[in-house]
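A quick write-up on the structure given underneath.
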Amino acid sequence: MYTPNYFAQKDHQKIFEFIKAYPFATLVSLDNSQEIIATHLPFLIFKEGEHWILKTHMSKFNPQWKELVGQKSLIIFQEPHAYISPSLYTLKRNVPTWNYIAVHMYGTTELIQNKEETMNILKATIQEFEPKFVPKWEVLDEDYKSALEEELVAFELKIERIEATFKLSQNKTIKEQERIAIYLLNEEKSVKRELGTWMLQNKKA
Numbered sequence: 001m002y003t004p005n006y007f008a009q010k011d012h013q014k015i016f017e018f019i020k021a022y023p024f025a026t027l028v029s030l031d032n033s034q035e036i037i038a039t040h041l042p043f044l045i046f047k048e049g050e051h052w053i054l055k056t057h058m059s060k061f062n063p064q065w066k067e068l069v070g071q072k073s074l075i076i077f078q079e080p081h082a083y084i085s086p087s088l089y090t091l092k093r094n095v096p097t098w099n100y101i102a103v104h105m106y107g108t109t110e111l112i113q114n115k116e117e118t119m120n121i122l123k124a125t126i127q128e129f130e131p132k133f134v135p136k137w138e139v140l141d142e143d144y145k146s147a148l149e150e151e152l153v154a155f156e157l158k159i160e161r162i163e164a165t166f167k168l169s170q171n172k173t174i175k176e177q178e179r180i181a182i183y184l185l186n187e188e189k190s191v192k193r194e195l196g197t198w199m200l201q202n203k204k205a
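Under our numbering, think of the first position of the sequence shown as 1, with each following residue one higher.
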């Protein structure tokens, strides 16, 4: 991913927090014919020492999983983003641009063969996104869970490389960064307001 130095994010804690906040990503890989295929999935992220691991699951009816074993894949996290008008800059000689946050993770895929671990990933997903539903999940009958398990495949990706772009007008003056952030915070669309918050948290002199 092309990332000018202004916008490169090297702080792993900020990257980790971003993925926790925006966990829905695109998994990109190649099939046996070298055709590009992609699936949109929610990911769970873990840090084990210096290592990053992503875990998720997909339907067995999705053919992509059959091509993933031992293959390197790209996972793209992207959000929030917004058009930035040149009217927000101090100098007139400026052009429109787009502010955004994107993280690319590259890793090798390992399928989860153990049925218990597959269900643990499903339960962890529920715990992450709707913890109040966990008690209801616990009392569902085992036949239903077993049938569900047969329709899913779980896997994890051991991350080998991370590229992060936090393009938040850091190449502009502090006053311009604040002006743009405040403008976004007053927008109707929540995605723009979220971007404004990220801008204020990542200002650069």
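Ideal placement from N, C-alpha and C gives every residue a C-beta, glycine not left out.
Keep in mind it's a predicted model, so treat the numbers as computed, not measured.
inquiry  = For PHE129, report the span of its alpha helix (DSSP H) as first-last.
reply    = Within the sequence shown, numbered from 1, the residue matching residue 129 stands at position 129. Run containing PHE129: 115-129, per the alpha helix (DSSP H) assignment.
query = With respect to the beta strand (DSSP E) encompassing ARG161, which residues constitute its N-terminal and C-terminal limits?
reply = If you number the sequence shown from 1, residue 161 lands on position 161. Taken as a continuous stretch (DSSP letters only), the beta strand (DSSP E) holding ARG161 covers 152-167.
query = Taking PHE129 as the reference, which of LYS20, LYS10, PHE7 and ASN5 has the closest Cα?
reply = Within the sequence shown, residue 129 is the residue found at index 129, counting from 1. Of the candidates LYS20, LYS10, PHE7 and ASN5, the one whose C-alpha sits nearest the C-alpha of PHE129 is LYS20.
query = Do you know how far the Cα of GLU142 is from the Cα of ALA154?
reply = Counted from its first residue, the sequence shown places residue 154 at position 154. Counted from its first residue, the sequence shown places residue 142 at position 142. The straight-line gap from Cα to Cα measures roughly 19 Å.
key: Inter-stretch contact at 8 Å, needing at least 3 Cβ pairs: the segment 179-192 / the segment 25-32   = Taking a contact to require three or more Cβ pairs closer than 8 Å, the segment 179-192 and the segment 25-32 do not qualify as touching.
key: Helix, strand or coil at THR197 [DSSP, three-state]   = Numbered from 1 along the sequence shown, position 197 holds the residue referred to as residue 197. In the structure shown, THR197 sits in a helix (DSSP, three-state: H, G or I).
query = Which whole-angstrom value describes the C-beta separation of LEU239 and MET119, a residue pair presumed to lie in contact below a C-beta threshold of 8 Å?
reply = Residue 239 lies beyond the range of the chain shown here (1 to 205); nothing can be said about it.
query = Is the segment 69-76 in contact with the segment 109-128, if contact means three or more CB pairs nearer than 8 Å?
reply = Yes, they touch.
message = Helix, strand or coil for SER85? Go by DSSP, reduced to three states.
response = Within the sequence shown, residue 85 is the residue found at index 85, counting from 1. In the structure shown, SER85 adopts coil according to DSSP, grouped into three states.
inquiry  = On the DSSP bridge list, what partners appear for GLU110?
reply    = Taking the first residue of the sequence shown as 1, we reach residue 110 at position 110. Per DSSP, the beta-bridge partners of GLU110 are GLU156.
ask   = Can the beta-carbon of ALA124 be found closer than 9 Å to that of PHE18?
value = Position 124 of the sequence shown, counted from the start, is the residue given in the question as residue 124. Position 18 of the sequence shown, counted from the start, is the residue given in the question as residue 18. Taking 9 Å as the cut-off, the beta carbon of ALA124 is found no closer than this to the beta carbon of PHE18.
For ILE75, the residue or residues it bridges with in DSSP = One-based indexing of the sequence shown puts residue 75 at position 75. According to DSSP, residue pairing for ILE75 in a beta bridge involves LEU27 and MET105.
key: Residue burial classification, SER46 (beta-carbon count within 10 angstroms, cutoff 16)   = Here residue 46 refers to the residue found at position 46 of the sequence shown. Checking the sequence, you will find Phe at residue 46 rather than Ser. When all chains shown are included, PHE46 counts as exposed.
inquiry  = Suppose contacts are defined by Cβ-Cβ distances below 9 Å. Is LEU152 in contact with LEU200 by that definition?
reply    = On the sequence shown, residue 152 is found 152 positions in, with the first residue counted as 1. On the sequence shown, residue 200 is found 200 positions in, with the first residue counted as 1. It is not a contact, given that the beta carbons lie outside the stated cut-off.
message = If contact is defined by three or more beta carbon pairs under 8 Å, each pair taking one atom from either stretch, is the segment 132-148 in contact with the segment 33-49?
response = The segment 33-49 makes no contact with the segment 132-148, as fewer than three CB pairs between them are under 8 Å.
query = Between which two residues does the beta strand (DSSP E) containing ALA38 stretch?
reply = Numbered from 1 along the sequence shown, position 38 holds the residue referred to as residue 38. Unbroken beta strand (DSSP E) run through ALA38: 36-42.
inquiry  = Need the endpoints of the beta strand (DSSP E) that LYS55 sits in, please.
reply    = As a first step, residue 55 is located in the sequence shown; it is residue number 55 there, counting from the start. Here the beta strand (DSSP E) through LYS55 covers 51-59.
key: Unbroken alpha helix (DSSP H) run spanning PHE18, endpoints   = Here residue 18 refers to the residue found at position 18 of the sequence shown. It spans 12-21 - the alpha helix (DSSP H) in which PHE18 sits, taken as one unbroken run.
task = Report, in whole angstroms, the separation of the C-beta atoms of TYR6 and ASN202, which I expect to be a contact under 8 Å.
result = Taking the first residue of the sequence shown as position 1, residue 6 is located at position 6. Taking the first residue of the sequence shown as position 1, residue 202 is located at position 202. The pair is not a contact, with the Cβ atoms about 11 Å apart (cut-off 8 Å).
task = Rounded to whole angstroms, what's the CA-CA distance from TYR183 to GLU150? Just pull it up for me.
result = Taking the first residue of the sequence shown as 1, we reach residue 183 at position 183. Taking the first residue of the sequence shown as 1, we reach residue 150 at position 150. Taking the straight line from one Cα to the other gives about 49 Å.
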